[in-house]
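Visitor: Provided herewith is a single structure, encoded as structure tokens, for subsequent inquiry.
Number of protein chains: 2
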Amino acid sequence: MADQHELREKGLRLTPQRELVLQAVRDLGHATPEEVAEKVRATHPGINLSTVYRNLETLENVGLVLHTHLGHGGATYHAAEELTHLHLVCSICGDIGDAPIDTAANFVNTLSDDYGFKTDVTHFAIYGTCQKCSK
Amino acid sequence: MADQHELREKGLRLTPQRELVLQAVRDLGHATPEEVAEKVRATHPGINLSTVYRNLETLENVGLVLHTHLGHGGATYHAAEELTHLHLVCSICGDIGDAPIDTAANFVNTLSDDYGFKTDVTHFAIYGTCQKCSK
DNA sequence: TTCCTTCTGCAATCTCTTTGCAGGTATTAA
DNA sequence: TTAATACCTGCAAAGAGATTGCAGAAGGAA
Numbered sequence: 001m002a003d004q005h006e007l008r009e010k011g012l013r014l015t016p017q018r019e020l021v022l023q024a025v026r027d028l029g030h031a032t033p034e035e036v037a038e039k040v041r042a043t044h045p046g047i048n049l050s051t052v053y054r055n056l057e058t059l060e061n062v063g064l065v066l067h068t069h070l071g072h073g074g075a076t077y078h079a080a081e082e083l084t085h086l087h088l089v090c091s092i093c094g095d096i097g098d099a100p101i102d103t104a105a106n107f108v109n110t111l112s113d114d115y116g117f118k119t120d121v122t123h124f125a126i127y128g129t130c131q132k133c134s135k
Numbered sequence: 001m002a003d004q005h006e007l008r009e010k011g012l013r014l015t016p017q018r019e020l021v022l023q024a025v026r027d028l029g030h031a032t033p034e035e036v037a038e039k040v041r042a043t044h045p046g047i048n049l050s051t052v053y054r055n056l057e058t059l060e061n062v063g064l065v066l067h068t069h070l071g072h073g074g075a076t077y078h079a080a081e082e083l084t085h086l087h088l089v090c091s092i093c094g095d096i097g098d099a100p101i102d103t104a105a106n107f108v109n110t111l112s113d114d115y116g117f118k119t120d121v122t123h124f125a126i127y128g129t130c131q132k133c134s135k
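If you read the protein sequences in the order shown, they are chains H and A. Those letters in the first sequence? Residues 1 to 135, per full-length UniProt numbering, in order. Those letters in the second sequence? Residues 1 to 135, per full-length UniProt numbering, in order.
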């Protein structure tokens with residue numbers, strides 16, 4: 001598993017729990033801490049929820065995962081390398097769609113030019129109604 | 001107080017608590033339930049937090065206030081008539097800046113045309129770093 | 001005024017997340 | 001390989017934010 005290098009390089013210990021959490025985030029794409037725990041427990045039942053929380057925080061500190069707020073309140077975690085899209089959150093069905101970051105390029109530039117605001121597109125959630133639900 | 005008509009028209013009873021909550025939301029511009037409660041209690045100490053929550057929900061149901069998720073998890077309430085701007089949330093200082101809705105017009109159109117996604121600009125929060133903090 | 005329904009305050013409860021602690025384990029150095 | 005020492009984990013308790021049930025209070029129509 002390639003985690004070996006990544007985790008050690010960041011100065012982290014290589015524990016089974018930590019590898020599993022990172023792997024789960026990568027497999028799931030978008031996931032709440034609870035979902036990560038569920039995924040991890042599918043193969044390794046003993047792992048505690050607080051361990052998941054602590055590892056998500058640790059992995060975020062070293063830049064391997066990131067979190068986004070998608071509106072319901074809870075954080076959603078992503079593998080850092082996969083955050084190459086915007087999140088389109090449907091307020092009706094709760095579905096999370098994707099759109100390329102470029103879609104927002106002009107918007108981001110405008111905010112920067114006019115307000116000096118540097119938009120963090122990776123931490124960016126967009127609310128609305130998806131195609132399916134607007135019918 | 002103009003609340004009289006508004007609340008009654010919506011089929012709501014006109015209680016001091018309800019008027020105070022609505023007024024507080026209007027005065028504060030952006031406010032969490034806790035902040036609304038604090039504001040209300042400044043003049044009327046006895047009001048319970050659960051009353052604030054229930055009234056915010058009620059007022060939202062009839063369209064007088066709206067809430068937005070600005071990222072920390074908790075909801076932030078606004079008077080419905082004042083939601084004419086985007087929220088620029090600074091991830092460093094937590095400051096909430098404003099920008100006209102038009103700033104996002106092209107972006108919103110693109111999402112609609114390309115993905116059939118109808119963006120709800122009033123429920124829209126943008127994360128990044130404000131001018132002050134990027135220095 | 002009277003009655004009915006809605007609203008409020010209070011306290012308990014729930015969910016989500018964090019924290020303290022004691023024991024366990026990955027790593028480094030010998 | 002062994003020993004020492006941070007660092008991690010599991011468990012349980014605690015915090016924070018929000019919700020709910022209930023009994024009594026108050027708004028509003030007649």
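Idealized CB from N, CA, C, for every residue including glycine. All of these numbers come straight from a predicted model, not from anything done at the bench.
Indicate the three-state DSSP secondary structure (helix, strand or coil) for Cys133 (chain H) in the structure shown.
Guide: If DSSP states are grouped into helix, strand and coil, Cys133 (chain H) belongs with the helices.
Visitor: Going straight from the alpha carbon of Pro16 (chain H) to that of His78 (chain H), what length do you get?
Guide: Using only the alpha carbons, I get a separation of about 19 Å.
Visitor: As a quick exercise: from H:Gly128, H:Leu111 and H:Ala125, pick the residue whose alpha carbon is nearest that of Cys130 (chain A).
Guide: It is H:Leu111 whose Cα lies nearest to the Cα of Cys130 (chain A).
Visitor: Mind checking whether Ser52 (chain H) and Val65 (chain H) have CB atoms under 7 Å apart?
Guide: Reading off the sequence, residue 52 (chain H) comes out as Val, not Ser. No, these two residues do not count as a Cβ contact at 7 Å.
Visitor: Determine contact between the region 89 to 107 of chain A and the region 34 to 49 of chain A, defined as no fewer than three beta-carbon pairs at a distance below 8 Å.
Guide: Touching, no, given that fewer than three Cβ pairs across the two stretches are closer than 8 Å.
Visitor: Pull up the distance between the alpha-carbon of Thr119 (chain A) and that of Pro33 (chain H), whole angstroms please.
Guide: The straight-line gap from Cα to Cα measures roughly 27 Å.
Visitor: Between H:Arg13, H:Lys132 and H:Asp27, which has its C-alpha nearest Gly97 (chain H)'s C-alpha?
Guide: It is H:Lys132 whose Cα lies nearest to the Cα of Gly97 (chain H).
Visitor: Is it right to say Leu70 (chain A) is buried, meaning 16 or more other beta carbons lie within 10 angstroms of its own, or is it exposed?
Guide: Buried.
Visitor: Sorted by chain position, which residues of the same chain lie with C-beta nearer than 6 Å to Leu49 (chain A)'s C-beta, five sequence neighbours on each side aside?
Guide: So the qualifying residues of the chain are Ala37.
Visitor: Who are Ala31 (chain A)'s beta bridge partners in DSSP?
Guide: Looking at the DSSP assignment, Ala31 (chain A) forms a beta bridge with A:Tyr77.
Visitor: Once you ignore the five residues that flank Lys10 (chain A) on each side, which residues in its own chain have a CB closer than 6 Å to its CB?
Guide: Excluding positions up to five away in sequence, the list reads Val62.
Visitor: Whole angstroms is fine: what's the gap from Gly74 (chain A)'s alpha carbon to His67 (chain A)'s?
Guide: Computed Cα separation, rounded: 10 Å.
Visitor: Show which residues of chain A have a CB atom less than 7 Å away from the CB atom of Cys93 (chain H).
Guide: Here the premise fails: no neighbours, minimum Cβ distance about 12 Å.
Visitor: Could you tell me whether any Cβ in chain H is nearer than 7 Å to the Cβ of Leu88 (chain A)?
Guide: Yes, because at least one Cβ of chain H sits closer than 7 Å to the Cβ of Leu88 (chain A).
Visitor: Under the three-state reduction of DSSP, which class applies to Met1 (chain H): helix, strand or coil?
Guide: For Met1 (chain H), the pLDDT reaches just 49, beneath the cut-off of 50, and the residue's location in the model is therefore unreliable, leaving the point undetermined.
Visitor: Can you pull the chain A residues whose beta carbon is under 9 Å from the beta carbon of Thr119 (chain H), in chain order?
Guide: Those are Leu88, Ile126, Tyr127, Gly128 and Thr129, listed as they occur along chain A.
Visitor: Considering only residues of the same chain and omitting the five flanking positions on each side of Ile126 (chain H), which have a CB-CB separation below 7 Å?
Guide: Cβ within range, chain order: Leu86, His87, Leu88 and Val89.
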